[in-house]
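Worksheet: one structure, shown below.
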Amino acid sequence: MPHRKIQKRSVADLKVGEKAVIESFSDQWMSLKLLEMGCLPGTEVCLHCKAPLGDPICLNVSGYCLSMRKSEAATILIEP
Amino acid sequence: MGNPNSGKSSLFNQLTGLRQKVGNFPGVTVDKKSGTAFLNETTEISIIDLPGVYSIYPKSVDEQVVTDILANPQHPDYPDVAVVVVDASNLNRNLLLFSQIQDLGVPVIMALNMLDIARQQHLEINAVRLSMQLGVPVVKINARIGEGLELLKVAIEQQIGQPTVSETLFFDPGQQTVLAGHDMKGLISDVRQQYQLTNNYLALQYLIQHDGFSFLGRPQRVKLDGLIEKYQFDEIDFQAKETIGRYQRIGEVVKTVVTDKRPLNQSTWSQRIDRILLHPVWGYAIFATVLLLIFQAIFAWAQPFVDGIDAGVAWLNGTLHEQLPDSPLTDLLTDGIIAGVGGVVVFIPQIAFLFLLVSLLEESGYMSRVMVLMDRIMRQFGLNGRSVVPLISGVACAVPAIMATRSIGSWRERLITILVTPLMSCSARLPIYTILIALVVPEKTVLGFLNLQGVVMMGLYLLGLVAALVAAYVFKLIIKAKERSLFVMELPTYKWPRWNHVGITVWDSVTSFVWQAGRVIVAISIVLWVLASYGPGDSLEQAENRVRSEYANQSAEQVENRVASEKLEASYAGRFGKILEPVIKPLGYDWKIGIALISSFAAREVFVGTIATIYSIGSADEGNDSTIREKLAAEINPETGGPMYTPAVAFSLLVFYVFAMMCMSTIATVYRETKGWKWPMIQLAYMSILAYGSAFLVYQLMK
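Protein chains in written order, with my numbering: chain A, 4 to 83; chain B, 23 to 725.
What follows is the structure, given as structure tokens:
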């Protein structure tokens with residue numbers, strides 16, 4: 004059987020209104036920007052809305068609204 | 023300095039009022055907004071408004087400036103005191119930047135802003151405790167209404183007199199041995215020794231960011247690379263740890279100074295508005311309406327002002343003609359200078375309206391929603407959601423539009439935006455469109471309510487937009503990405519626009535347009551007038567004498583007309599036009615249009631003025647009583663005997679002007695923004711080929 008990592012859920016998989024706690028990042032370079040914007044491991048985020056075509060998405064992070072592309076959101080892994 | 027949307031610019035405007043000017047930071051093209059204010063009766067200080075950033079690790083060109091200044095105490099703009107504006111309603115994230123600036127060793131003052139918004143969100147902040155925890159002066163302000171300015175000035179005065187700098191670093195990279203797993207202490211002290219730095223955090227910046235530091239020479243940068251190698255220092259990893267470390271401490275500080283009585287799960291009204299404005303159907307419908315409104319404003323609302331200015335210039339010209347003695351100098355003043363200045367001033371209403379609306383959208387917070395709305399679509403074309411602002415601004419003028427691309431972090435997306443923005447029909451093309459459409463498109467109603475001329479006009483704008491998107495798509499295939507594209511962006515809460523802000527933005531953009539474009543246009547008008555009025559040797563007199571003897575039997579008026587047009591043909595400008603004629607013949611143009619093409623190469627808005635000059639020089643009846651349109655309609659093609667401006671010629675010209683990059687200011691701006699001639703030349707070439715090819719097709723098909 005080929006080695007296959009179990010796909011972790013990421014912020015990109017959230018539904019509108021769903022909440023989750025950030026666990027880690029799958030992309031180091033992207034994580035620098037996300038950390039600066041306050042997306043820290045252990046922080047709760049809430050998917051607040053999606054753009055009409057489902058991408059980009061808007062998150063609520065520590066009291067403000069942050070928008071990002073779906074591909075960027077996919078690098079934020081969430082606690083199960 | 024401060025985070026974006028923290029009220030930094032409001033504070034700057036409150037402190038300086040209209041005593042501000044826009045310049046450039048040395049070596050870079052980022053606009054530097056500076057101004058002066060009085061601390062007390064005797065002390066005047068100069069204040070610089072730095073671009074808003076989230077951290078001192080820059081993500082785009084305009085953010086780079088902040089780090090460049092703060093990491094280099096020798097920089098001419100290095101501050102005596104750094105006033106950091108902090109948004110109290112988002113304290114954690116704002117304190118990240120604040121703690122970094124503080125750690126760089128600059129004397130700082132925290133201007134704690136937006137306490138009213140924090141209070142609305144049921145957050146109470148104890149500023150005194152915050153000041154004690156951080157060891158820096160904290161002043162409560164309300165930048166929107168100008169509260170707390172006096173206290174802030176007192177604090178600035180004290181910090182200048184006796185700077186108090188926190189003794190310990192908020193985050194000390196030298197103490198992070200455990201965190202990083204390397205000998206950070208050794209590495210940091212090595213850097214400090216080699217560069218005579220007194221500050222651990224500054225030493226860390228040398229390590230992480232030295233590639234972007236223009237003040238370091240090449241050997242110095244290589245040496246830093248050597249140190250990184252020696253200690254096996256992982257920059258990205260360490261930077262991530264720094265951010266987490268800072269947020270941990272910030273969390274502890276915030277816990278002791280903020281009382282959070284926020285009820286959980288209550289959506290703010292900003293979020294409720296978002297649900298409508300980002301709605302799959304309503305979102306686009308509202309955006310389309312806003313765009314229509316902008317167009318309506320530029321074309322319809324600005325028209326009375328444009329007409330007024332036009333009439334005013336014409337009146338001034340006529341009066342001067344009557345009052346002043348008939349001499350070449352008078353002609354130069356009226357036909358050359360005043361006509362040229364009038365050509366610039368006439369754009370002011372449209373530009374003012376556009377910037378009024380764009381800055382209203384930005385102030386209110388809607389513009390970032392538009393970026394979110396459009397990002398997915400723009401990405402298909404190699405652009406970014408942030409490209410929307412330049413493309414919309416391009417409808418007024420490409421110069422500020424191209425400068426607005428600086429906020430796009432990815433070089434590739436920014437470059438593509440720069441390359442295609444001039445295809446958006448700017449307001450300088452409008453007079454050309456107006457006059458040619460009026461000439462060949464009948465004024466009638468189609469489909470019951472649409473004005474045919476308006477439909478054609480709209481079509482030209484759409485043609486420009488489509489061409490921009492197609493060109494972007496082609497460039498996307500050609501240009502390879504240097505770095506990854508990033509769209510992580512804060513959506514500010516909706517706010518009422520501040521009218522003084524809007525006013526200042528409009529004023530700035532109008533004045534910079536008048537100065538930048540104005541000089542070029544006036545200069546060209548004068549040169550053109552001279553070239554069209556004089557010829558080599560006595561060729562003009564020869565032409566006049568020849569006509570007089572050949573057509574001696576015709577009426578005096580006809581002879582005068584002949585003389586004038588033969589003289590124009592013999593002038594320098596006429597000769598240039600003649601040389602160009604073989605090249606533009608396939609497009610349906612004659613040498614007179616050739617002159618207009620050459621002269622409008624530097625600025626397309628000159629076209630209408632040029633044909634006005636050419637046809638008024640080229641006909642004897644002073645030309646003051648007939649409009650340009652009538653003159654064009656009366657122009658006869660000597661070969662066919664029919665009117666010169668057939669629909670084929672007019673449409674060929676229209677298409678040519680939609681695509682052609684005829685604007686010196688734009689080329690100069692692209693040169694500055696891309697730091698070289700390569701891209702402006704590529705842009706000029708592709709747009710010229712596109713213009714020539716399409717004009718050729720249009721003429722040959724319609725002929």
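Glycine is no exception: its CB is placed at the ideal position from the N, C-alpha and C atoms.
Predicted model, so just to flag it, every value in this text is computed and none were measured.
Query raised in the report: Using the beta-carbon of each residue, which ones in chain A are nearer than 8 Å to L300 of chain B?
Result: C52, K53, A54, P55 and C61
Requested in this report: Could you check the C-alpha separation between I633 of chain B and L550 of chain B for me, to the nearest Å?
Outcome: 11 Å
Query raised in the report: Between Q42 of chain B and L72 of chain B, what straight-line distance do the alpha-carbon atoms span, to the nearest angstrom?
Result: 13 Å
Query - Integer-rounded CB distance, given that I316 of chain B should sit under 8 Å from L395 of chain B - result: The pair is not a contact, with the Cβ atoms about 15 Å apart (cut-off 8 Å).
Report task. Pair every Cβ in the stretch 412 to 426 of chain B with every Cβ in the stretch 24 to 35 of chain B, then say whether three or more of these pairs are closer than 8 Å. Result -> no
Query raised in the report: For L80 of chain A, which of helix, strand or coil comes out of DSSP?
Result: strand
Query raised in the report: To the nearest whole angstrom, what separates the beta carbons of M446 of chain B and L499 of chain B, a pair I think is in contact under 8 Å?
Result: In fact, because the Cβ distance is near 21 Å, the residues do not count as touching under 8 Å.
Query - Boundaries of the beta strand (DSSP E) in which V161 of chain B is found, first to last residue - result: V160 to K162
Report task. State yes or no: is the beta carbon of L137 of chain B nearer than 8 Å to at least one beta carbon in chain A? Result -> no
Query raised in the report: Is Y269 of chain B near the ligand NAD, in the sense that its beta carbon is under 7 Å from a heavy atom of that ligand?
Result: Looking for the ligand NAD in the displayed structure turns up nothing, as the structure carries no ligands at all.
Query raised in the report: Just the Cα atoms here: how many angstroms apart are I230 of chain B and P55 of chain A?
Result: 39 Å
Query - Straight-line Cα distance separating C52 of chain A from L126 of chain B - result: 38 Å
Report task. Give me whichever residues DSSP pairs with C49 of chain A in a beta bridge. Result -> A:K22 and A:N63
Query raised in the report: The beta strand (DSSP E) with T281 of chain B in it runs from where to where?
Result: V280 to D282
Report task. Kindly indicate if chain B contains any beta-carbon less than 8 Å away from that of L37 of chain A. Result -> yes
Query raised in the report: Among residues of its own chain, excluding the 5 on either side of I658 of chain B, which ones have a beta-carbon nearer than 8 Å to its beta-carbon?
Result: G664, P665 and M666
Query raised in the report: Which residues bound the beta strand (DSSP E) around A133 of chain B?
Result: V130 to N135
Report task. Round the Cβ separation of W701 of chain B and L441 of chain B to the nearest angstrom and send it over; I've been treating them as touching at under 8 Å. Result -> 7 Å
Requested in this report: Using a threshold of 8 Å, state whether the C-beta atoms of M136 of chain B and A104 of chain B are closer than that.
Outcome: no
Query raised in the report: Under a three-way DSSP split, which group does G362 of chain B fall into?
Result: helix
Query raised in the report: Listed from N- to C-terminal order along the chain, which residues in the stretch 67 to 96 of chain B have their beta-carbon within a distance smaller than 9 Å of any beta-carbon of chain A?
Result: Y76, S77, Y79 and K81
Query raised in the report: Can you check whether the CB of M686 of chain B is closer than 8 Å to the CB of M709 of chain B?
Result: no
Query - Beta-carbon proximity list for A319 of chain B, same chain, < 7 Å, skipping 5 on both sides - result: F375 and L379
Query raised in the report: Taking Cβ-Cβ distances below 7 Å as the criterion, which residues of the stretch 15 to 39 of chain A are in contact with chain B?
Result: Q31, W32, S34, L35, K36, L37, L38 and E39
**Report entry** C-beta neighbour in chain B for S70 of chain A, strict 8 Å
**Finding:** yes
Query - chain B contact residues for S65 of chain A, given Cβ-Cβ distances below 9 Å - result: N112, N114 and R115
Query - Spatial neighbours of A76 of chain A in its chain, beta-carbon cut-off 7 Å, leaving aside the 5 residues before and after - result: S13, V14, A15 and I60
Report task. Would you please verify whether the beta carbon of L80 of chain A is less than 8 Å from any beta carbon of chain B? Result -> no
**Report entry** Own chain residues within Cβ distance below 8 Å of S555 of chain B, not counting five before or after
**Finding:** P350, D353, S593 and I639
Query raised in the report: To the nearest angstrom, how far is it from the Cα of H6 of chain A to the Cα of I210 of chain B?
Result: Caution applies to H6 of chain A, whose pLDDT of 48 falls short of 50 and renders its modelled position unreliable; the value that the coordinates give is listed next. If I take the Cα positions, the gap works out to 42 Å.
Query - chain A contact residues for I526 of chain B, given Cβ-Cβ distances below 9 Å - result: None at all; the shortest Cβ gap to chain A is about 26 Å.
Query raised in the report: What number of angstroms, rounded off, separates the C-alpha of V279 of chain B from the C-alpha of P185 of chain B?
Result: 24 Å
Query raised in the report: In chain B, which residues lie with their C-beta within 9 Å of the C-beta of P75 of chain A?
Result: Per the sequence shown, residue 75 of chain A should be read as Glu rather than Pro. The contacting residues are L508, F509 and V510.
Query raised in the report: How would you call T696 of chain B, buried or exposed, if buried means at least 16 neighbouring beta carbons within 10 angstroms?
Result: buried
Query raised in the report: Quick one, are the C-beta atoms of S74 of chain A and N114 of chain B less than 8 Å apart?
Result: no
Query raised in the report: Rounded to whole angstroms, how far is the Cβ of A262 of chain B from the Cβ of S34 of chain A, which I believe are closer than 8 Å?
Result: 6 Å
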